[in-house]
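For reference, the structure is listed below as structure tokens.
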Amino acid sequence: MGSREKMAEYSAKRASQDAGRPADDVCRGRVRQLLDPDSFVELDSFVAARGLKFGPARPSVAGDGAVTGYGTIDGRQVFVAAQDPAVYGGSIGQMHAEKIGKAIQLAAEAQVPFIGLYDTGGARIEEGIVGLEGLGNLLAVLDSASGVIPLLAAVFGPCAGGAAFVAANSDFILMSEKGSGLFMNGPMVVSGIENRALDPADIGGARVHARETGLASLVAPDETALIAQIRSLLAYLPDSGEGFIYTGQSDDDPNRTSDRLDVIASNLDNGYDMREVIREVFDENSFLELTADYAVGLITGLARLNGQTVGVLANAAPRLDSAMAGKAVRLIGLCDRFTLPLISLVDAEGYAIGLAQEKGGLIQAGAGLMQATLRLQTARIGVIVGKATGTAYLSLAGKNCGTDMLYAWPTAEIAVVNADTAAHIIYRRDIAAAADPAAARQDFVRRYADEIASPYVAASLGHVDEVIRPAATRPRLISALEMLTS
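Rendered as structure tokens:
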């Protein structure tokens, strides 16, 4: 074949590819919507499935149901792999998996984020062990890239079996309330075992993974909002885990103080909203809450301090349970992988109390949080807003457990147990013998809080770096962050 014939053949193959695509090419439409205009460069478009040994004959399709390549988002390079539900149901065969794995490898080598747009029925059954080999190789490549580059998984449709592992082993999972689902076993299998028809959304839909499993980092109402979430999330992330931290610009005054925080502190005993504290401390409108509807007693997310991306960990309930501890571990791991400083806003009396908690793995969860805290290798700053008690104090704020700079509001109480419990244990005989036991108990509670649990006692022993005015929390954190990361 001469050169002219070869060029003609190429043109014919390209024309055949274009003719075979539906007018509403959903897969490529998602990629175009995600990336900057005209920035996508497709790779491996001629890859096709190997001959299937089982089932009805189906022609090989160029691309094998996966669109892969690179482009830019707000000018930053990323690699993308999108599954095409119009080709074999987006199922993962050997070549399909190899294409996605190659895109991940190239992203890791280029030190740029990888974004997977998943919509698949799972492993391609007709390919048998060959298809499983491809899936296994993909999972291995994904694991090797973990911590090297940010891995984002956006679930647009079903994602079952081993395909769900691909999403779950990413740094972030984003889901749409319309149509997306993560399943260990597909809806047909689960419905068969349960012997009743089940809505796929009730098995592994976005709300299930947002509220019950905690797998979903972010949930959007539809595909358009989901793509917007990917772009917004990426703006908080570095290009890789090599120590470079992406810093944006901030119009918020780094020296801004907040009289509102003084008001909150003065009324702490009457209850408050920790999210209001977060809004007052971090750059305006910069807090991006992650896994907001799961383990709601602990707030986790990303924010900016003077343009610098940080992880945020804050108590919204007085006691930690197993789910909250696991949620904290996930955020700490994220900060560790991508050198993101961690800011903790602490108000925790300790761990949850009860038989169900003791039998439900609370010790393992708490120990896991302690281990993650001790192993964290990035800058860590804590602010004790209210109570910091026992092992919850050590896990969330202890200077001897990795906190680089620890501040306390005047309202802080730092002790082995809370003042009420301490008074009952230490002075129970004195209280029982008093003419007015209730008044005696209150007196002993006050004395313990003032003489043992006071932040000034902790500061005098060097366990707190400074007791600060609540209004000055933001400039204090920014100053400490600049000192620790310079």
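In this note's numbering, the protein residues as written are 213 to 698. Idealized CB from N, CA, C, for every residue including glycine. Note that the coordinates shown come from a computational prediction; the quantities given were computed from them, not determined experimentally.
If you follow the alpha helix (DSSP H) that Cys371 is in, where does it begin and where does it stop?
Cys371 -> not in any alpha helix (DSSP H); beta strand (DSSP E) instead, spanning 363-372.
Buried or exposed: Phe258, going by 16 or more other Cβ atoms within 10 Å of its Cβ?
Phe258 is exposed by the Cβ-count criterion.
Going by C-alpha to C-alpha distance, which of Gly566, Thr697, Ser358, Phe384 sits closest to Thr590?
Closest option to Thr590, judged by alpha-carbon separation, among Gly566, Thr697, Ser358, Phe384: Thr697.
C-beta atoms of Ala379 and Ala365 nearer than 8 Å
Yes; because the gap between Cβ atoms is below 8 Å, this pair is in contact.
Met617, DSSP secondary structure in three states:
In the structure shown, the three-state DSSP call for Met617 is strand.
Can you tell me whether DSSP reads Asp474 as helix, strand or coil?
In this structure, Asp474 counts as helix in the three-state DSSP scheme.
Contacting residues, own chain, Cβ-Cβ under 6 Å from Ala320 (five flanking each side not counted):
Answer for Ala320: Ala357, Val360, Ile361, listed in chain order.
Sheet register partners of Ala432 (DSSP bridge)
Ser388, per the DSSP bridge assignment.
Exposed or buried, what is Gly523 when buried is set at 16 or more other beta-carbons lying within 10 Å of its beta-carbon?
Under this definition Gly523 is a buried residue.
Measuring CB to CB, does Phe368 end up less than 8 Å from Ser429?
Cβ distance not < 8 Å, so Phe368 and Ser429 don't count as in contact.
Under a three-way DSSP split, which group does Ala235 fall into?
Legend: pLDDT at Ala235 = 49, less than 50; position of this residue unreliable, no value from coordinates given.
Tell me which residue opens and which closes the beta strand (DSSP E) that Lys599 is part of.
For Lys599, the enclosing beta strand (DSSP E) stretches over residues 592-601.
Look at the alpha carbon of Glu454 and the alpha carbon of Ile593, and state the distance between them as a whole number of angstroms.
For the pair Glu454 and Ile593, the Cα-to-Cα distance works out to about 21 Å.
With C-beta atoms as the reference, is Gly602 less than 8 Å away from Gly562?
It is a contact, given that the beta carbons lie within the stated cut-off.
According to DSSP, is Asp331 helix, strand or coil?
Under the three-state reduction of DSSP output, Asp331 falls in the strand class.
Return the residue from the list Gly572, Gln289, Arg542, Lys314 that minimises the CA-CA distance to Leu502.
Of Gly572, Gln289, Arg542, Lys314, the residue nearest in Cα terms is Arg542.
Touch test, the region 305-325 against the region 278-289, Cβ-Cβ under 8 Å, three pairs minimum
Yes, they touch.
From what residue to what residue does the beta strand (DSSP E) around Gly513 run?
Segment 510-517, the beta strand (DSSP E) holding Gly513.
Is the beta carbon of Ser197 sitting closer than 8 Å to the one on Gly328?
Since the first residue shown for the chain is 213 and the last is 698, residue 197 is missing from the structure and cannot be characterised.
Considering just the uninterrupted stretch of the beta strand (DSSP E) at Asn349, what are its terminal residues?
Element bounds for Asn349: not the beta strand (DSSP E) but the alpha helix (DSSP H), 340-357.
The beta strand (DSSP E) enclosing Arg262, as first and last residue numbers
Segment: none, Arg262 is in no beta strand (DSSP E) and carries neither H nor E.
Work out the CA separation of Leu552 and Ala432 for me, nearest whole Å.
Rounded to the nearest angstrom, the two C-alpha atoms are 25 Å apart.
The alpha helix (DSSP H) spanning Gly281 covers which residue range?
Counting along the chain, Gly281 falls outside any alpha helix (DSSP H), though it belongs to the beta strand (DSSP E) covering 278-285.
Okay, do the region 342-351 and the region 304-315 touch, 3+ Cβ pairs below 8 Å being the bar?
Touching, per the Cβ criterion.
Could you pull out every unbroken beta strand (DSSP E) segment of at least 3 residues lying fully inside the region 538-610, listed in chain order?
Runs found: 554-560, 592-601.
Bounding residues of the beta strand (DSSP E) (the contiguous stretch that carries Val524)
Counted as a single uninterrupted DSSP element, the beta strand (DSSP E) harbouring Val524 occupies residues 520-527.
By Cβ distance, which residues of its chain are closer than 7 Å to Arg240, with the 5 residues on each side in sequence left out?
The beta carbon of Arg240 lies closer than 7 Å to those of Val279 in the same chain, with the five residues before and after it left out.
Compute the Euclidean distance between the alpha carbons of Phe494 and Arg516, then round it to the nearest angstrom.
Going by the C-alpha atoms only, they are around 6 Å apart.
Once DSSP output is grouped into helix, strand and coil, what is the label at Ile680?
In the structure shown, Ile680 sits in coil (DSSP, three-state: anything other than H, G, I, E or B).
Under 6 Å Cβ to Cβ from Gly509, same chain only, skipping five residues before and after it: list those, please.
Residues Ala528, Ala529, Met536 of the same chain have their beta carbon placed closer than 6 Å to that of Gly509, with the five preceding and five following residues left out of the count.
Buried or exposed for Val657, please, with buried defined as at least 16 other CB atoms from any protein chain shown within 10 angstroms of its CB.
Under this definition Val657 is a buried residue.
Let me know if Ala235 comes out buried or exposed under the rule of 16 or more other beta-carbons within 10 Å of its beta-carbon.
Here Ala235 scores only 49 on pLDDT, less than 50, and its place in the model is too uncertain to base an answer on.
As assigned by DSSP and simplified to three states, the class of Val324:
It is coil, neither helix nor strand.
I believe Ala335 touches Ile285 by the beta-carbon criterion, under 8 Å. Please report the beta-carbon distance rounded to the nearest angstrom.
Between Ile285 and Ala335 the Cβ distance is about 30 Å, and since that is not below 8 Å, they are no contact.
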